[in-house]
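What follows is a single structure, written as structure tokens, with notes after it.
Protein chains: 2
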Amino acid sequence: MTDIAALDAADPLAGFRDRFEIPDGLVYLDGNSLGCLPKATKARLADVVEREWGQDLIRSWNTNDWINAPRRIGAKIARLIGAHDDEVIVGDTTSINVFKCLSASLQLDSSRVVLLSETGNFPTDVYMMEGLAAIAPDRISPRLVEPERIHEALDDDVAVLLLTQTNYRSGRIRDMKAITEAAHARGIPVIWDLSHSCGALPVDLNGCNADFAVGCGYKYLNGGPGAPAFTFVARRHQDSVFPALSGWLGHKVPFEFTDDYQPAPGIDRFQCGTPGILGCAALEVGVDLLLEADMSDIRRKSSALGDLFIALVHEHCADHGFKLASPGNADERGSQVSFHHPEGYAIMQALIARGVIGDFRAPDILRFGFAPLYNSYADVEQAVATLTEIMETGSWDTEEFKQKAAVT
Amino acid sequence: MTDIAALDAADPLAGFRDRFEIPDGLVYLDGNSLGCLPKATKARLADVVEREWGQDLIRSWNTNDWINAPRRIGAKIARLIGAHDDEVIVGDTTSINVFKCLSASLQLDSSRVVLLSETGNFPTDVYMMEGLAAIAPDRISPRLVEPERIHEALDDDVAVLLLTQTNYRSGRIRDMKAITEAAHARGIPVIWDLSHSCGALPVDLNGCNADFAVGCGYKYLNGGPGAPAFTFVARRHQDSVFPALSGWLGHKVPFEFTDDYQPAPGIDRFQCGTPGILGCAALEVGVDLLLEADMSDIRRKSSALGDLFIALVHEHCADHGFKLASPGNADERGSQVSFHHPEGYAIMQALIARGVIGDFRAPDILRFGFAPLYNSYADVEQAVATLTEIMETGSWDTEEFKQKAAVT
Numbered sequence: 509m510t511d512i513a514a515l516d517a518a519d520p521l522a523g524f525r526d527r528f529e530i531p532d533g534l535v536y537l538d539g540n541s542l543g544c545l546p547k548a549t550k551a552r553l554a555d556v557v558e559r560e561w562g563q564d565l566i567r568s569w570n571t572n573d574w575i576n577a578p579r580r581i582g583a584k585i586a587r588l589i590g591a592h593d594d595e596v597i598v599g600d601t602t603s604i605n606v607f608k609c610l611s612a613s614l615q616l617d618s619s620r621v622v623l624l625s626e627t628g629n630f631p632t633d634v635y636m637m638e639g640l641a642a643i644a645p646d647r648i649s650p651r652l653v654e655p656e657r658i659h660e661a662l663d664d665d666v667a668v669l670l671l672t673q674t675n676y677r678s679g680r681i682r683d684m685k686a687i688t689e690a691a692h693a694r695g696i697p698v699i700w701d702l703s704h705s706c707g708a709l710p711v712d713l714n715g716c717n718a719d720f721a722v723g724c725g726y727k728y729l730n731g732g733p734g735a736p737a738f739t740f741v742a743r744r745h746q747d748s749v750f751p752a753l754s755g756w757l758g759h760k761v762p763f764e765f766t767d768d769y770q771p772a773p774g775i776d777r778f779q780c781g782t783p784g785i786l787g788c789a790a791l792e793v794g795v796d797l798l799l800e801a802d803m804s805d806i807r808r809k810s811s812a813l814g815d816l817f818i819a820l821v822h823e824h825c826a827d828h829g830f831k832l833a834s835p836g837n838a839d840e841r842g843s844q845v846s847f848h849h850p851e852g853y854a855i856m857q858a859l860i861a862r863g864v865i866g867d868f869r870a871p872d873i874l875r876f877g878f879a880p881l882y883n884s885y886a887d888v889e890q891a892v893a894t895l896t897e898i899m900e901t902g903s904w905d906t907e908e909f910k911q912k913a914a915v916t
Numbered sequence: 509m510t511d512i513a514a515l516d517a518a519d520p521l522a523g524f525r526d527r528f529e530i531p532d533g534l535v536y537l538d539g540n541s542l543g544c545l546p547k548a549t550k551a552r553l554a555d556v557v558e559r560e561w562g563q564d565l566i567r568s569w570n571t572n573d574w575i576n577a578p579r580r581i582g583a584k585i586a587r588l589i590g591a592h593d594d595e596v597i598v599g600d601t602t603s604i605n606v607f608k609c610l611s612a613s614l615q616l617d618s619s620r621v622v623l624l625s626e627t628g629n630f631p632t633d634v635y636m637m638e639g640l641a642a643i644a645p646d647r648i649s650p651r652l653v654e655p656e657r658i659h660e661a662l663d664d665d666v667a668v669l670l671l672t673q674t675n676y677r678s679g680r681i682r683d684m685k686a687i688t689e690a691a692h693a694r695g696i697p698v699i700w701d702l703s704h705s706c707g708a709l710p711v712d713l714n715g716c717n718a719d720f721a722v723g724c725g726y727k728y729l730n731g732g733p734g735a736p737a738f739t740f741v742a743r744r745h746q747d748s749v750f751p752a753l754s755g756w757l758g759h760k761v762p763f764e765f766t767d768d769y770q771p772a773p774g775i776d777r778f779q780c781g782t783p784g785i786l787g788c789a790a791l792e793v794g795v796d797l798l799l800e801a802d803m804s805d806i807r808r809k810s811s812a813l814g815d816l817f818i819a820l821v822h823e824h825c826a827d828h829g830f831k832l833a834s835p836g837n838a839d840e841r842g843s844q845v846s847f848h849h850p851e852g853y854a855i856m857q858a859l860i861a862r863g864v865i866g867d868f869r870a871p872d873i874l875r876f877g878f879a880p881l882y883n884s885y886a887d888v889e890q891a892v893a894t895l896t897e898i899m900e901t902g903s904w905d906t907e908e909f910k911q912k913a914a915v916t
């Protein structure tokens, strides 16, 4: 029998839990959807609102350095993902940033016309491909292939490959280095969506010779609901391309208010409109907190939490119809564990009603995320104990739990 | 001599000033760039952070109705701009929303290829036109003409006309009804940028038979720095077009996570990624406050403040080289007054150093905005007194004041 208390006692990250608001009695395994609130965020936001906005007003763009927030926070995120500090900029949403990278990558070789991705990728990524292609349907085509057919689809028509490093449903990690190499061998740049990777596992964009990447601020970066996202563009591409979303803050001299667009040097051209300062402020606190931790400790604990969860579900719920949807090997898995179950939706609602929060992903996946900064081994034990009780009593089987909410 | 105290005493909006944080001793005439902080925003944001995010976490998408924030706040803004409540949605930035409307409008008549706007429009609007056209350069062309040549440029090639109702430099108001009619007579839809109109003067989109509009949340709506923007799409167009920025939250069934994009019915398809909830919460407080006021009172006071400012500058600074850049007739002017002056930048810095905050717009414009909810007639008097003193003493003429900051 695993000694859970000993695992938590020996956890080098255990001290981080107290830096977050964790509601009493809650086992929160949904940090891969919305990360918990860092305690420091409250005071930081109050200061931004009351002093920076309330008192300093428009002057804050200069005096409180609002204008550099996207660059400054981008440089911090760069340290989490193996990028140089001038390769990452914060702003807009992951969807919008996918579009920026897609439109930019099309400029690298105008003879190539196919936007390639895989079925089962996070939907917004492939929807943005469709939207971009619809602007120039005679020239640009989106193409989706099964995940196992990506390599054979890398032909001379492909302008760019868009993939997610850690799959949102299964948690399976793509081999970023091998795929990037294979694509480059065919002259194809790659856009990596790091939404379910950044802050949860070591990412080495430059070690993989990556071209473009995007990622989400509100999951493992703990930046708050709908936090700004980020965009990575390798130095070697920055001055060769520009985003079709060519807004004024990506201009070389935005405050000269000229009639013609001239992209700023470097990563700055990937800015578009005015950054949301409240969202940036909250995101920066979350990123600063992550930077205090050692990413190899995070990864080690993430793997251990997932392994323990799988082992306990197999031990206690073997007869209840769960089928592992994630890789059993932690090296192939991000910081989540997913199970198929035909009654997954109702089971998840029953768990949530008992204070164990994961989420459901259609059609049949129960998803449990592990945020090593604040989740404990005791959280995992409690989650499986609750799941076991729900399955043994059949208490999930009610109309109430089967009633789908607006957001699942 | 004007009795300033009597004007303030008779002001039906005077009570609103106390609903805002106004820093002691400051005359803030830059609400057309960043509106002041409503006092109620502080508690609202603390609640969103501490309870909704901190305690309720991911459940807030349903229980605190985060998922409907863009629609709910959009419906409130609709009341300020003459729209139906299902015609406006909040999210992203003005720049991004211009792109959504441009890409959508191109779908109305695929034989038309020109994106038309005017020189001197707010730069981001024309930059977004350029970016969109660069995706399909063989098909789409941006075209800028001088403001007075817009009518003759409305030919059969024009796919869409993009104009700003209230010019950001001069404050001149375009005749939305007449221009929309003229464009429609040539089969051309119009996108109106309301950034310097909404919340400052009555706007009647449906009365003008408008097609598309966008607007800014952080100016007269007092939504905070980088607040989410909004998009208006007339009911008659909503189901015929979709934005090229076709993100997952604009999908018909986002939580089914399908591989193919199917736009949601109605205005919802103009959503893209996950909305920034902190920004939405602050914006909603600002909009709610505006909805308590009578728009005709706002317009009347706005005109009076501007007229008084012009009269006092003419009276006291006639010899100092200022040239009115705004219409003298208040009916043709938004809620700002601008003056040309060759030393405008340094003069504005000197004003700011003395607690009178306006802003500078290249190449030579001093811009003073009037927010009728919190600016008083005494503010106007104090601003001109300070300007007069600066000009009479020549105290603007220093190296410090001529040194340009990152943000002007």
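Here the protein sequences come in this chain order: A and B.
Mapping the first sequence onto our numbering, position 310 (from 1) lands on 818, and the numbers just tick up by one.
Mapping the second sequence onto our numbering, position 261 (from 1) lands on 769, and the numbers just tick up by one.
Note that CB positions come from ideal geometry on N, CA and C, so glycine has one too.
Presumed contact (8 Å Cβ cut-off) between residue i and residue j, rounded CB distance
{"i": "Ala612/A", "j": "Phe750/A", "result": "6 Å"}
{"i": "Pro762/B", "j": "Val598/B", "result": "Pro762/B to Val598/B, Cβ: 17 Å. No contact."}
{"i": "Phe630/B", "j": "Asp701/B", "result": "6 Å"}
{"i": "Gly734/A", "j": "Gly787/A", "result": "7 Å"}
{"i": "Phe876/A", "j": "Ala893/A", "result": "No, Phe876/A and Ala893/A are not in contact; Cβ-Cβ is about 14 Å, not under 8 Å."}
Length of the line joining the Cα atoms of residue i and residue j
{"i": "His704/A", "j": "Gly758/B", "result": "21 Å"}
{"i": "Gly679/B", "j": "Pro771/B", "result": "37 Å"}
{"i": "Ala686/B", "j": "Val793/A", "result": "50 Å"}
{"i": "Tyr676/B", "j": "Tyr726/B", "result": "14 Å"}
{"i": "Pro650/B", "j": "Val622/B", "result": "6 Å"}
{"i": "His828/B", "j": "Gly814/B", "result": "19 Å"}
{"i": "Val606/A", "j": "Ala858/B", "result": "43 Å"}
{"i": "Pro730/A", "j": "Gly539/A", "result": "It is Asn, not Pro, that sits at residue 730/A in the sequence shown. In a straight line, the C-alpha of Asn730/A is about 8 Å away from that of Gly539/A."}
{"i": "Gly562/A", "j": "Asp796/B", "result": "18 Å"}
{"i": "Val653/A", "j": "Thr672/A", "result": "14 Å"}
{"i": "Pro645/B", "j": "Leu816/B", "result": "49 Å"}
{"i": "Asp776/A", "j": "Leu820/A", "result": "48 Å"}
{"i": "Arg647/B", "j": "Ala577/A", "result": "37 Å"}
{"i": "Leu640/B", "j": "Tyr769/A", "result": "12 Å"}
{"i": "Lys918/B", "j": "Asn570/A", "result": "Residue coverage of chain B in this structure runs from 509 to 916, which leaves residue 918/B outside it and unanswerable."}
{"i": "Ala790/A", "j": "Asp555/A", "result": "11 Å"}
Residue burial classification, residue i (beta-carbon count within 10 angstroms, cutoff 16)
{"i": "Asn929/A", "result": "Outside the displayed range of chain A (509 to 916) lies residue 929/A, so it cannot be described from this structure."}
{"i": "Lys550/B", "result": "buried"}
{"i": "Thr627/A", "result": "exposed"}
{"i": "Ser748/A", "result": "exposed"}
{"i": "Ala914/A", "result": "exposed"}
{"i": "Lys809/A", "result": "buried"}
{"i": "Thr901/B", "result": "exposed"}
{"i": "Pro850/B", "result": "exposed"}
{"i": "Pro783/B", "result": "buried"}
{"i": "Ala517/A", "result": "exposed"}
{"i": "Thr906/A", "result": "exposed"}
{"i": "Leu565/B", "result": "buried"}
{"i": "Asp600/A", "result": "buried"}
Terminal residues of the beta strand (DSSP E) in which residue i lies
{"i": "Trp700/B", "result": "Val698 to Asp701"}
{"i": "Ser625/B", "result": "Val622 to Glu626"}
{"i": "Phe830/B", "result": "Run containing Phe830/B: none; DSSP gives neither H nor E here."}
{"i": "Ile597/A", "result": "Val596 to Val598"}
{"i": "Pro650/A", "result": "Ser649 to Val653"}
{"i": "Leu670/B", "result": "Val666 to Thr672"}
{"i": "Ala936/B", "result": "In this structure chain B extends from 509 to 916, so residue 936/B is not present and cannot be described."}
{"i": "Thr739/A", "result": "Phe738 to Val741"}
For residue i, the first and last residue of its enclosing alpha helix (DSSP H)
{"i": "Pro631/B", "result": "Pro631 to Ile643"}
{"i": "Gly732/B", "result": "Element bounds for Gly732/B: n/a, residue is neither H nor E."}
{"i": "Phe607/B", "result": "Thr602 to Ser613"}
Check your understanding: Unbroken alpha helix (DSSP H) runs of length 4 or more, entirely within the stretch 752-807 of chain B: which are they?
Key -> 785-800
Review point. Which whole runs of the alpha helix (DSSP H) in the stretch 834-914 of chain B are 4 residues long or more, in chain order?
Key: 852-861, 885-901 and 907-910
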